[in-house]
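Right, one structure below, let's go through it.
Okay, structure coming up:
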């Protein structure tokens, strides 16, 4: 789309691509973790799906497009979260820990960022212990 506009020669534009799906790799790299545990799959899903329940086929779950921070519903489970906002930008923010311990901080941080910037772009990894998911 942008290339088409530029090819017309009517508009001069400088732009930067901010990662979308590659934000998964950025999230793992910035937290200095592997995106999956040894010999385990990664399940990529949306916040809407997390509201329905965590997938039972993976211990590592990447969540994107979660306007409501649906993972908060799972705060009583033994889950680690690796959260990042504005990954790959100068405004990048990272939080990691037990979901039950950091979810309120993440929620408050998201609200403050959305208020200040007018939008939020975040991604997170939920990690259960190996084999903790139901088959």
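Residue numbers (the UniProt record's numbering): 1 to 135.
Glycine included, every Cβ here is placed at the ideal spot set by N, Cα and C.
None of the values given here were measured: they were computed from a predicted structure.
Sequence-distant Cβ neighbours of residue 72 in its own chain, meaning closer than 6 Å and more than five residues away, are 103.
Apart from sequence neighbours up to five positions away, the residues of its chain that approach residue 79 with a beta-carbon distance below 7 Å are 99, 126, 127 and 128, ordered along the chain.
Residue range 122-127 is occupied by the beta strand (DSSP E) that includes residue 127. For the 9 Å CB-CB criterion, residue 85 and residue 122 form a contact. The three-state secondary structure of residue 60, taken from DSSP, is strand. DSSP, read as helix, strand or coil, puts residue 12 in coil. 9 Å or more divides the Cβ of residue 44 from the Cβ of residue 33.
Across the set 47, 54, 75 and 120, the C-alpha of 47 shows the shortest separation from the C-alpha of residue 66.
Counting along the chain, the unbroken beta strand (DSSP E) around residue 81 starts and ends at 80-85.
With contacts defined by Cβ atoms closer than 9 Å, residue 91 and residue 117 form a contacting pair.
For residue 97, the enclosing beta strand (DSSP E) covers residues 93-98. DSSP lists 61 as the bridge partner or partners of residue 43. By the neighbour-count definition (other C-beta atoms within 10 Å, threshold 16), residue 23 is a buried residue.
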